[in-house]
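If you read the sequence shown in the working numbering, its first letter stands for residue 60, the second for the next number, and so on. Think of the CB as a built atom: it goes at the ideal place given N, C-alpha and C, for glycine as much as any other residue.
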Amino acid sequence: MENLSVINKPTRFLTFEEHHQELKEKLEKINPTDLEGLELERHNYRAINLQRTNRIIKTYSPSQEIIDAVNKINDKQNWIVITEDWCGDSAQTIPYIQKFISHNPNIELKIILRDDNYDFADEIIKEGNPRSIPRVLAFDELGNLVFMWGSRPKEAQEIVTQGKAQGKTKEEFNKDLHLWYGRDRGKTLEKEFIEILNSL
60 MENLSVINKP
70 TRFLTFEEHH
80 QELKEKLEKI
90 NPTDLEGLEL
100 ERHNYRAINL
110 QRTNRIIKTY
120 SPSQEIIDAV
130 NKINDKQNWI
140 VITEDWCGDS
150 AQTIPYIQKF
160 ISHNPNIELK
170 IILRDDNYDF
180 ADEIIKEGNP
190 RSIPRVLAFD
200 ELGNLVFMWG
210 SRPKEAQEIV
220 TQGKAQGKTK
230 EEFNKDLHLW
240 YGRDRGKTLE
250 KEFIEILNSL
């Protein structure tokens, strides 16, 4: 089990609110007509992600079951989220997670940007692709890794896997993926975290 105290830790953590504010400010400052290629593509993703995040913040109320599961944590924990602001899966999951852990003051969510911290992810995540985002890494007070989650709910991953197997383009299976997220409204994400938290 990895211990955060012996890992090359990121130098900059963001709260969820700081990350959200930085995204808004970035979109306000940049003129998309000055962009092209990958930068324009990511700018467009950021704009959509801001809309998705704002919708979840305004409309989502955690179920009592996830609140109860979260409140079983009696000791301090740091939940470190590895992400990037252009990542669609992050915008469809992290706002839900932030909302349900806000019911337990023992849990602090800290966001780090993957592209600035490749070494951090590579040191901890030993299964699958360590650079897939988002990733949630929960550490106890002593810095021991308690659990990890990511990079998307299992049902969402199955949509991507099946889409690729069927020869769909990235645009096609991403459309299916985000339709699923919109219809699911965080229910599957809650179930996965309830299962994780009840197993601790």
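What number of angstroms, rounded off, separates the C-alpha of residue i from the C-alpha of residue j?
{"i": "tyrosine 177", "j": "leucine 259", "result": "28 Å"}
{"i": "isoleucine 160", "j": "alanine 106", "result": "25 Å"}
{"i": "aspartate 175", "j": "glutamine 151", "result": "22 Å"}
{"i": "leucine 196", "j": "asparagine 90", "result": "35 Å"}
{"i": "proline 69", "j": "isoleucine 184", "result": "15 Å"}
{"i": "leucine 97", "j": "tryptophan 145", "result": "11 Å"}
{"i": "tyrosine 233", "j": "tyrosine 119", "result": "This sequence places asparagine at residue 233; tyrosine is not what is there. Between asparagine 233 and tyrosine 119, the C-alpha separation is close to 22 Å."}
{"i": "leucine 99", "j": "aspartate 148", "result": "19 Å"}
{"i": "asparagine 169", "j": "proline 193", "result": "Residue identity check: residue 169 is lysine in the sequence provided, not asparagine. Going by the C-alpha atoms only, they are around 12 Å apart."}
{"i": "leucine 63", "j": "glutamine 157", "result": "21 Å"}
{"i": "aspartate 93", "j": "glutamate 230", "result": "24 Å"}
{"i": "lysine 131", "j": "leucine 256", "result": "8 Å"}
Tell me whether residue i is buried or exposed, calling it buried when 16 or more other Cβ atoms sit within 10 Å of its Cβ.
{"i": "glutamine 136", "result": "buried"}
{"i": "glycine 209", "result": "buried"}
{"i": "aspartate 181", "result": "exposed"}
{"i": "arginine 173", "result": "buried"}
{"i": "histidine 79", "result": "buried"}
{"i": "asparagine 108", "result": "buried"}
{"i": "alanine 128", "result": "buried"}
Measuring alpha carbon to alpha carbon, tell me which of the options ends up nearest residue i.
{"i": "glutamine 110", "options": "Leu99, Ser120 and Leu82", "result": "Leu82"}
{"i": "aspartate 235", "options": "Glu186, Ala215, Leu248 and Ala224", "result": "Ala215"}
{"i": "glutamate 251", "options": "Glu217, Pro212, Lys169 and Gln157", "result": "Pro212"}
{"i": "isoleucine 171", "options": "Ser122, Ile153, Trp239 and Asn257", "result": "Ile153"}
{"i": "glutamate 200", "options": "Asp134, Glu95 and Thr220", "result": "Asp134"}
{"i": "serine 122", "options": "Thr220, Glu95 and Tyr155", "result": "Tyr155"}
Query raised in the report: Which full runs of the beta strand (DSSP E) of 3+ residues lie inside the stretch 176-248, going along the chain?
Result: 194-199 and 204-209
Query raised in the report: What are the start and end residues of each continuous alpha helix (DSSP H) run of 4 or more residues lying completely inside the stretch 118-154, in chain order?
Result: Taken in chain order, the whole alpha helix (DSSP H) runs of length 4 or more contained in the stretch 118-154 are 123-129 and 147-150.
Query - At least three beta-carbon pairs within less than 8 Å, the stretch 137-153 to the stretch 75-83 - result: yes
Query - Touching by the beta-carbon criterion (3+ pairs, under 8 Å), the stretch 111-122 and the stretch 242-257 - result: yes
Query raised in the report: Can you list the alpha helix (DSSP H) stretches of 4 or more residues lying completely in the stretch 78-124, in chain order?
Result: 96-118
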